[in-house]
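Line by line, the protein sequences are chains A and B.
Just so it is clear: in the first sequence, position 126 is 239 by the numbering used here, and no numbers are missing.
Just so it is clear: in the second sequence, position 111 is 224 by the numbering used here, and no numbers are missing.
As structure tokens, the structure follows; a few thoughts come after it.
2 protein chains.
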Amino acid sequence: MAFTDIATRTYNHGWRLDPIVRSLLDTDFYKLLMLQLIYRLHPDTQVSFALINRSRSVRLADTIDEAELRAQLDHTRTLRFAKKELIWLAGNSFYGEARMFAPDFLAWLADFRLPDYELRTVDGQFELRFDGPWTHTTMWEIPALAIVNELRARAAMRDHGRFALDILYARAKARLWDKVERLRALPDLVISDFGTRRRHGFLWQRWCVEAMKEGLGDRFIGTSNVLLAMDADLEAIGTNAHELPMVAAALSDTDEELATAPYRVLEDWRASYHGNLLIALPDAFGTAAFLAQAPDWVADWTGFRPDSLPPIEGGEQIIRWWQDKGRDPKTKRLIFSDGMDVESIEATYRHFHGRVRTSFGWGTNLTNDFRGCDPNGGPNGEDALAPISLVCKVVAANGRPAVKLSDNPAKATGDPAEIDRYLRVFGNAGRAPQPVNV
Amino acid sequence: MAFTDIATRTYNHGWRLDPIVRSLLDTDFYKLLMLQLIYRLHPDTQVSFALINRSRSVRLADTIDEAELRAQLDHTRTLRFAKKELIWLAGNSFYGEARMFAPDFLAWLADFRLPDYELRTVDGQFELRFDGPWTHTTMWEIPALAIVNELRARAAMRDHGRFALDILYARAKARLWDKVERLRALPDLVISDFGTRRRHGFLWQRWCVEAMKEGLGDRFIGTSNVLLAMDADLEAIGTNAHELPMVAAALSDTDEELATAPYRVLEDWRASYHGNLLIALPDAFGTAAFLAQAPDWVADWTGFRPDSLPPIEGGEQIIRWWQDKGRDPKTKRLIFSDGMDVESIEATYRHFHGRVRTSFGWGTNLTNDFRGCDPNGGPNGEDALAPISLVCKVVAANGRPAVKLSDNPAKATGDPAEIDRYLRVFGNAGRAPQPVNV
Numbered sequence: 114m115a116f117t118d119i120a121t122r123t124y125n126h127g128w129r130l131d132p133i134v135r136s137l138l139d140t141d142f143y144k145l146l147m148l149q150l151i152y153r154l155h156p157d158t159q160v161s162f163a164l165i166n167r168s169r170s171v172r173l174a175d176t177i178d179e180a181e182l183r184a185q186l187d188h189t190r191t192l193r194f195a196k197k198e199l200i201w202l203a204g205n206s207f208y209g210e211a212r213m214f215a216p217d218f219l220a221w222l223a224d225f226r227l228p229d230y231e232l233r234t235v236d237g238q239f240e241l242r243f244d245g246p247w248t249h250t251t252m253w254e255i256p257a258l259a260i261v262n263e264l265r266a267r268a269a270m271r272d273h274g275r276f277a278l279d280i281l282y283a284r285a286k287a288r289l290w291d292k293v294e295r296l297r298a299l300p301d302l303v304i305s306d307f308g309t310r311r312r313h314g315f316l317w318q319r320w321c322v323e324a325m326k327e328g329l330g331d332r333f334i335g336t337s338n339v340l341l342a343m344d345a346d347l348e349a350i351g352t353n354a355h356e357l358p359m360v361a362a363a364l365s366d367t368d369e370e371l372a373t374a375p376y377r378v379l380e381d382w383r384a385s386y387h388g389n390l391l392i393a394l395p396d397a398f399g400t401a402a403f404l405a406q407a408p409d410w411v412a413d414w415t416g417f418r419p420d421s422l423p424p425i426e427g428g429e430q431i432i433r434w435w436q437d438k439g440r441d442p443k444t445k446r447l448i449f450s451d452g453m454d455v456e457s458i459e460a461t462y463r464h465f466h467g468r469v470r471t472s473f474g475w476g477t478n479l480t481n482d483f484r485g486c487d488p489n490g491g492p493n494g495e496d497a498l499a500p501i502s503l504v505c506k507v508v509a510a511n512g513r514p515a516v517k518l519s520d521n522p523a524k525a526t527g528d529p530a531e532i533d534r535y536l537r538v539f540g541n542a543g544r545a546p547q548p549v550n551v
Numbered sequence: 114m115a116f117t118d119i120a121t122r123t124y125n126h127g128w129r130l131d132p133i134v135r136s137l138l139d140t141d142f143y144k145l146l147m148l149q150l151i152y153r154l155h156p157d158t159q160v161s162f163a164l165i166n167r168s169r170s171v172r173l174a175d176t177i178d179e180a181e182l183r184a185q186l187d188h189t190r191t192l193r194f195a196k197k198e199l200i201w202l203a204g205n206s207f208y209g210e211a212r213m214f215a216p217d218f219l220a221w222l223a224d225f226r227l228p229d230y231e232l233r234t235v236d237g238q239f240e241l242r243f244d245g246p247w248t249h250t251t252m253w254e255i256p257a258l259a260i261v262n263e264l265r266a267r268a269a270m271r272d273h274g275r276f277a278l279d280i281l282y283a284r285a286k287a288r289l290w291d292k293v294e295r296l297r298a299l300p301d302l303v304i305s306d307f308g309t310r311r312r313h314g315f316l317w318q319r320w321c322v323e324a325m326k327e328g329l330g331d332r333f334i335g336t337s338n339v340l341l342a343m344d345a346d347l348e349a350i351g352t353n354a355h356e357l358p359m360v361a362a363a364l365s366d367t368d369e370e371l372a373t374a375p376y377r378v379l380e381d382w383r384a385s386y387h388g389n390l391l392i393a394l395p396d397a398f399g400t401a402a403f404l405a406q407a408p409d410w411v412a413d414w415t416g417f418r419p420d421s422l423p424p425i426e427g428g429e430q431i432i433r434w435w436q437d438k439g440r441d442p443k444t445k446r447l448i449f450s451d452g453m454d455v456e457s458i459e460a461t462y463r464h465f466h467g468r469v470r471t472s473f474g475w476g477t478n479l480t481n482d483f484r485g486c487d488p489n490g491g492p493n494g495e496d497a498l499a500p501i502s503l504v505c506k507v508v509a510a511n512g513r514p515a516v517k518l519s520d521n522p523a524k525a526t527g528d529p530a531e532i533d534r535y536l537r538v539f540g541n542a543g544r545a546p547q548p549v550n551v
């Protein structure tokens with residue numbers, strides 16, 4: 114006779130809230146690295162972040178209940194770093210370096226909690242905004258995105274029976290494993306999970322990370338998710354993001370100061386991490402402009418993370434620049450992380466193999482590829498589980514508007530008049546619209 | 114914190130035997146229908162069944178432990194029909210008929226137990242044989258096959274980690290659901306599960322049946338598995354098998370008697386089931402011979418189950434015969450059950466649509482299609498989970514050798530000298546070798 118564990122069943126059917134974020138470590142590693150810099154250098158800067166749904170046709174507020182969203186955000190605000198988490202941050206080595214986080218920073222983290230949020234529903238979309246000290250608002254980016262994405266997935270699956278869910282996950286697992294088997298054919302692959310913000314759900318991301326570990330062995334170098342890195346004894350992966358140059362740019366008093374903001378940020382970064390973690394993000398205001406104006410010392414950095422040009426085009430541009438500067442690209446590294454999937458990873462890997470070291474940060478298409486997996490979904494995969502292009506960006510610093518130009522105008526954010534001013538300062542060279550799928 | 118149900122874990126890690134067959138109803142429905150006829154008409158006939166592995170290159174005894182096989186067979190011999198099972202057999206309607214099983218037969222079933230078996234290992238194969246009254250040995254066919262097939266699958270998965278098994282079943286589920294979605298495109302499809310004997314495992318067959326029910330609705334008319342039919346409130350499907358003409362043929366004293374044995378069996382069948390369940394199996398000694406010599410009244414039967422000719426060829430042959438006999442094929446039914454898969458189901462359905470009623474008994478490729486699903490398996494699907502062609506056939510009746518000719522010489526069984534005699538009696542018309550994949 115079948116034995117039913119009554120306690121488990123009662124719990125499964127009756128719980129009040131299934132929290133999406135259960136730890137403040139359930140965030141991207143670069144947020145902690147940036148946070149330490151912000152804590153040290155910008156403790157009084159006020160920075161506002163806002164949710165931006167680039168997939169405007171998807172009316173998030175029509176499928177996600179605002180009260181549920183509030184409940185998840187409120188739950189996340191109750192979280193504190195656990196003692197064992199702080200001990201791990203203090204004791205673990207990152208990128209081979211011990212003591213990456215200073216004791217005073219860790220002591221400060223012990224009291225950290227997420228600040229309040231502002232949430233309104235306007236025309237089928239959520240206006241979700243975080244105002245306050247940069248040291249606090251920055252930490253909302255990843256949990257806010259993970260929460261909205263997972264709530265959307267839960268809403269899409271709400272009316273699914275037990276069997277449809279079984280098929281859904283069977284297909285998604287089979288799909289991911291097929292991708293893993295394809296990637297196995299690339300012997301020098303270096304790849305990591307960058308999929309926290311866009312994940313279908315926390316448990317699914319964990320499964321994806323286990324699959325990568327199981328299938329790719331040493332070629333899977335780790336995950337950007339700090340909690341999963343700790344739990345699975347993987348490397349935590351990541352360096353820095355657009356918010357650093359965006360805030361530096363927004364706080365610039367003159368156009369001259371604006372023009373040099375991206376490089377001041379790199380100097381601060383190098384000083385903060387003692388010459389480690391030297392990966393630059395070139396595209397905040399256009400890669401061509403960044404490279405053209407870059408001081409020579411930028412060519413001494415380990416590499417770049419091109420994030421909005423097509424990967425081969427972006428990589429070739431950087432390789433030419435290194436060669437112009439007399440550097441050997443073979444000693445350098447390019448990290449590709451913009452909407453990669455198995456086809457573009459294979460093509461990029463093969464294109465650059467032997468010419469430059471490459472690594473891949475695999476995000477949305479690793480942790481949220483359910484297109485066509487839903488047995489109740491549409492015939493062409495235009496289903497409610499297809500990922501959307503959702504970001505949480507800096508919109509203001511000390512009351513001044515923030516701008517991102519990107520190499521892809523479709524990924525630009527900010528006030529149109531300010532975008533025009535930035536384009537006058539940085540130029541428009543090499544920027545070309547590309548579809549933003551994820 | 115994760116909660117571990119210690120009792121469940123201890124049980125999962127420590128049990129002595131995981132029984133493959135847990136009920137005497139876990140068999141094909143036609144066995145019970147035939148058993149009632151045998152009980153009534155042939156209570157004293159001695160019939161021997163033997164396991165025949167037509168996939169000789171698969172050395173079953175190299176992968177399956179003989180002691181494990183004995184443990185499973187012994188466990189199956191401990192089973193009795195449960196009271197609720199007999200009540201269900203008595204109270205349920207089959208093919209719309211109430212009281213299909215007579216009270217005296219059900220009373221006799223209450224004391225039924227499987228007879229002893231003979232098992233030896235010779236040159237990497239099992240010699241498994243069941244001798245005794247036909248009323249008892251016949252009931253070994255399905256459990257013996259299900260046990261050997263499931264033990265083989267278990268052996269193939271023994272060294273698999275938790276993750277590899279997860280991928281394996283995810284792929285198999287995704288594959289089956291893709292098949293189900295293809296079959297959905299056939300609006301008048303009539304299909305049932307015939308996969309008990311060849312199943313990967315009992316739980317997997319149950320999942321397959323649930324998938325068919327969920328995905329095909331009314332087009333899935335039921336299962337040959339009596340236990341699953343009872344549990345899931347589905348129709349139990351099936352009529353009769355080769356063992357009836359094979360035993361009748363073996364017991365024939367003269368060649369003249371041999372030539373008419375297939376029709377005597379049909380008369381017995383019709384009398385036993387009061388003119389219901391009138392589906393004939395034409396191929397025991399060759400379909401062409403069967404049709405050429407058949408009395409006119411055979412054309413009054415509901416239909417045929419062609420089981421060894423290619424389905425379209427076999428169906429056309431029968432349709433021509435009905436037309437020659439002045440019968441309208443549109444009022445008749447053909448049941449296809451020989452190694453069908455989604456491609457041959459589609460092709461056969463489309464070929465005969467509107468000309469004759471068709472139904473499909475889907476066996477091995479429904480309940481045991483794991484080709485290429487094993488992440489630890491070979492690259493071309495030549496893995497240990499690929500199904501094999503294993504049967505359990507009548508080899509003797511009252512000490513006389515039994516023969517099956519089949520339309521496909523590769524499926525013929527019996528002593529070569531006897532096969533020659535049968536070929537002299539029935540002829541060789543229309544028989545042609547076909548590959549036997551499953």
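Using N, Cα and C, we set each Cβ at its ideal position, and we do this for glycine too.
If you're wondering where the values come from, they're calculated on a predicted model, not measured in any experiment.
- A residue is called buried once 16 or more other Cβ atoms fall within 10 Å of its Cβ, and Tyr124/B, having fewer, is exposed.
- Under the Cβ criterion of 8 Å, Glu327/A is counted among the residues facing chain B.
- Non-local C-beta neighbours of Ile392/A in its own chain, meaning closer than 8 Å and more than five positions away in sequence, comprise Thr352, Asn353, Trp414, Thr415, Gly416, Phe417, Arg418, Arg446, Ile448, ordered along the chain.
- Taking one beta carbon from each stretch, the segment 511 to 526 of chain A and the segment 308 to 320 of chain A have fewer than 3 pairs nearer than 8 Å; the two do not touch.
- Rounded to the nearest whole angstrom, the C-alpha separation of Ala523/B and Cys486/B is 28 Å.
- Under a criterion of Cβ atoms nearer than 7 Å, no residue of chain B is adjacent to Lys196/A; the nearest Cβ is some 15 Å distant.
- Within the same chain, Cβ atoms closer than 6 Å to the Cβ of Leu232/A are found at Leu241, the five residues on either side in sequence being excluded.
- With its beta carbon less than 8 Å from one in chain B, Lys286/A belongs to the interface.
- Cβ-Cβ distances below 8 Å link Phe315/B to Ile133, Val134, Arg135, Asp139, Ala259, Glu263 in the same chain, with the five nearest sequence neighbours on each side left out; the list follows chain order.
- Residue contact with chain B for Phe276/A: present (Cβ-Cβ distance below 8 Å to some residue of chain B).
- Chain A has no Cβ within less than 8 Å of the Cβ of Ile304/B.
- If you keep only unbroken alpha helix (DSSP H) runs of at least 4 residues inside the segment 272 to 345 of chain B, you get 275 to 296, 315 to 329, 339 to 345.
- As summarised for the segment 475 to 545 of chain B, the continuous alpha helix (DSSP H) elements at least 4 residues long and confined to that stretch are 477 to 480, 529 to 539, given in chain order.
- With respect to chain B, the C-beta atom of Thr121/A has a partner C-beta closer than 8 Å.
- Under a criterion of Cβ atoms nearer than 7 Å, no residue of chain B is adjacent to Ile425/A; the nearest Cβ is some 30 Å distant.
- Contact of Asp520/A with chain B by beta-carbon distance below 8 Å is absent, the smallest such distance being about 37 Å.
- Using a CB distance cut-off of 8 Å, Trp290/A counts as an interface residue toward chain B.
- Rounded to the nearest whole angstrom, the C-alpha separation of Thr158/A and Leu182/A is 28 Å.
- Less than 8 Å separates the beta-carbon of Asn166/B from that of Ile501/B.
- Using a Cβ distance threshold of 8 Å, Arg265/B and Leu173/B count as a contacting pair.
- Taking Lys438/B as reference, the option from Pro408/B, Val160/B, Arg169/B with the minimal CA-CA separation is Pro408/B.
- Residues of the segment 307 to 338 of chain A with a C-beta atom less than 7 Å from some C-beta of chain B are Glu323, Glu327, listed in chain order.
- Neighbourhood of Asp482/A in chain B, by CB distance below 9 Å: empty, with the nearest CB roughly 14 Å away.
- At the C-beta level, Thr250/A and Ser365/A stay beyond 8 Å of one another.
- Using a CB distance cut-off of 8 Å, Pro529/A does not count as an interface residue toward chain B.
- Taking CB atoms only, Pro228/A has no neighbour in chain B less than 8 Å away.
- Under DSSP, no beta-bridge partner is assigned to Gly428/B.
- A distance below 8 Å separates the beta carbons of Thr248/A and Ile151/A.
- Under a 10 Å Cβ-count criterion, Arg271/B is classified as exposed, with fewer than 16 other Cβ atoms of the shown protein chains found around its own Cβ.
- Judged by DSSP secondary structure, Ile200/B falls within the alpha helix (DSSP H) whose first and last residues are 196 to 204.
- Neighbours of Asp279/A in chain B, taken as residues whose beta carbon is under 7 Å from its own, are Lys286 in chain order.
- Its Cα nearest to that of Asp178/B, the residue Ala269/B stands out among Asp141/B, Gly543/B, Ala269/B.
- In the three-state reduction of the DSSP assignment, Asp236/B falls in the coil class.
- Here the alpha carbons of His464/A and Lys443/A stand approximately 14 Å from one another.
- Secondary structure at Arg470/B: strand, using DSSP grouped into helix, strand and coil.
- Taking a beta-carbon distance threshold of 8 Å, Ala283/A counts as an interface residue toward chain B.
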